[in-house]
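Below: one structure, written as structure tokens.
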Amino acid sequence: MKSALVTGGAGFIGSHLADRLLNEGFQVTILDDLSMGVRDNIPAKATFVEGSLLDRELLGRLTASVDVVFHEAARVSIRESVKHFREDARTNVEGTLNLLDALRDSSVKRLVFASSMGVYGKDGVGVKETDTDVPPLSPYGVGKLAGEGYCLRLCPEMGIDCVALRYCNTYGPRQTPTPYVGVTTIFINALLSGQQPTIYDDGEQIRDYVYVGDIVEANMRALTTTAVNDFYNVGTGVGVSVNQVLAGVASHLGVEAKPRYLPKQRSELRAFTADVSKAAERLDFRARHRFEDRVGEVVDYWRARATRGGLPGFRAS
């Protein structure tokens, strides 16, 4: 397999994945509507097509002559999905169905689907892939779980191998700043802008933060594995609190952070870390990076942007 389509390839994870694929010798086509993606993220050697997952005809043309599709495009905000559940479903469910419909007449041999820890509906430390007996807390999670089901059910019918990767909380350079997604990026931009960071709940809620380079590596393992038509947690298995994230960011910036605490959000888990043993066993994947070792890279990225006058000015959430 030497040609790839990356949906959402102008975005945070998709652009890093496109870089890696190009370095591995792939011909890469990127599909992105630039609603969240950024033109500056698009690698010069990639073929870029501005368009939507809702354009079934366009998807048919793009999948006609590629070997593998990495489906990264999505609306990714848990909180926004509660307010705008129809829009969330149109992109994350209907868009995925459009892609699957296009694959029926394609040359694609493998689909790697970007899912999320949002599919889990209850708190837990070391949550296994089978722990989905409780419905997801957010419409975003419902949509991702539905997307997994459609992909894993329909791809084998088409003779296409499918791997679904349930990403934990991803951080790294290029994360698109919004008020709701990517707490590391949100905190950095707030502190660089002289704003008071806001934390919902008491800040002791735990998440499994995974570096974007590890997410890319998991996708590359999904490309070559024989353990297909299955889903895998992609995380570190280690919990970091929101207060620890803020402290790490503030330390690298050399500032003091005094957050404003607001009530807990009903659509979010209190504590979550992933059991990553299945990915280790079947994909030979293990996250190599710890949050404390990589947060400085993200700080430096945004500090350089600030020097060039490029801060977006979103408030922390």
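The opening position of the sequence shown corresponds to residue 755 in the working numbering, with each subsequent residue numbered one higher.
All residues carry an ideal CB built from backbone N, CA and C; glycine is no exception.
Nonlocal neighbours in the same chain, by C-beta distance under 6 Å from A1070, ignoring five residues either side: Stepping through the sequence shown from its first residue, residue 1070 is reached at position 316. Confidence in A1070 is poor, its pLDDT being 37 and thus under 50, which makes the residue's placement unreliable; the coordinate value appears in the next sentence. For A1070, where only same-chain residues beyond five positions count, the Cβ hits under 6 Å are I940, F941, A944, P951 and T952.
By Cβ distance below 6 Å, which residues in the same chain neighbour S995 in space, the five residues on each side in sequence not counted? As a working note, residue 995 is residue 241 in the sequence shown. If you ignore the 5 residues before and after S995, its C-beta comes within less than 6 Å of the C-beta of E958 and I960, all in its own chain and listed in chain order.
H1043 versus D968: straight-line alpha-carbon distance, rounded: Counting from 1 along the sequence shown, the entry for residue 1043 is found at position 289. Counting from 1 along the sequence shown, the entry for residue 968 is found at position 214. Taking the Cα positions, H1043 is about 7 Å away from D968.
Looking at S757 and V803, is the spacing between their C-beta atoms short of 8 Å? Here residue 803 is taken as the residue at index 49 of the sequence shown, counted from 1. Here residue 757 is taken as the residue at index 3 of the sequence shown, counted from 1. Going by C-beta atoms, V803 is not nearer than 8 Å to S757.
Let me know the secondary structure DSSP gives Y1055 once reduced to three states. Counting from 1 along the sequence shown, the entry for residue 1055 is found at position 301. DSSP places Y1055 in helix when its eight states are reduced to three.
Terminal residues of the continuous alpha helix (DSSP H) containing N846? As a first step, residue 846 must be located in the sequence shown, where it is residue number 92. Here N846 belongs to no alpha helix (DSSP H), and DSSP marks it neither H nor E.
Give me the Cβ distance between S806 and D787, rounded to the nearest whole Å; I'm assuming they're in contact under 8 Å. Numbered from its first residue, the sequence shown carries residue 806 at position 52. Numbered from its first residue, the sequence shown carries residue 787 at position 33. So it is a contact: roughly 5 Å between Cβ atoms.
One or two residues paired with T801 in a DSSP bridge: Sequence index remark: in the sequence shown, residue 801 carries index 47 (1-based). DSSP, once it has assigned bridges, lists T783 as partnering T801.
According to the Cβ coordinates, are N1072 and E883 closer than 8 Å? Because the chain here runs from 755 to 1071, residue 1072 falls outside it and cannot be looked at.
With 16 other CB atoms within 10 Å as the buried threshold, where does K863 fall? As a working mapping, residue 863 is identified with position 109 in the sequence shown. By the beta-carbon neighbour count (other beta carbons within 10 angstroms, threshold 16), K863 is exposed.
Report the option in T938, T850, V1052 and R920 whose CA atom is closest to the CA atom of G991. Taking the sequence shown and counting its residues from 1, the one referred to as residue 991 is at position 237. Cα-wise, what sits closest to G991 is R920.
Let me know if G779 comes out buried or exposed under the rule of 16 or more other beta-carbons within 10 Å of its beta-carbon. Within the sequence shown, the letter at position 25 stands for residue 779. Only exposed fits G779, as fewer than 16 other CB atoms lie within 10 angstroms of its CB.
Which of the three DSSP states is assigned to V866 in this structure? Position 112 of the sequence shown, counted from the start, is the residue given in the question as residue 866. It is a strand residue.
Considering Cα atoms alone, identify which of V760, G1008 and Y965 is closest to N923. Stepping through the sequence shown from its first residue, residue 923 is reached at position 169. Among V760, G1008 and Y965, the Cα nearest to that of N923 belongs to Y965.
Separation of M790 from N846, as counted between CA atoms: Sequence index remark: in the sequence shown, residue 846 carries index 92 (1-based). Sequence index remark: in the sequence shown, residue 790 carries index 36 (1-based). Spanning the two alpha carbons is a distance of roughly 14 Å.
Decide if the region 853-861 is in contact with the region 815-833; the criterion is three or more beta carbon pairs, one per stretch, under 8 Å apart. Yes, the region 853-861 is in contact with the region 815-833.
Where Y963 falls, given that 16 or more other Cβ within 10 Å makes a residue buried: Taking the sequence shown and counting its residues from 1, one reaches residue 963 at position 209. By the 10 Å Cβ count, Y963 comes out buried.
CA-CA distance, Y1055 and G993? Within the sequence shown, residue 1055 is the residue found at index 301, counting from 1. Within the sequence shown, residue 993 is the residue found at index 239, counting from 1. Taking the CA atoms as reference points, Y1055 sits about 24 Å from G993.
Alpha-carbon spacing of T801 relative to L854, whole angstroms: If you number the sequence shown from 1, residue 801 lands on position 47. If you number the sequence shown from 1, residue 854 lands on position 100. In this structure, the alpha-carbon of T801 lies about 21 Å from that of L854.
Continuous alpha helix (DSSP H) stretch holding G903: start and end: Position 149 of the sequence shown, counting from 1, holds the residue named residue 903. That run of the alpha helix (DSSP H) goes P893 to L908.
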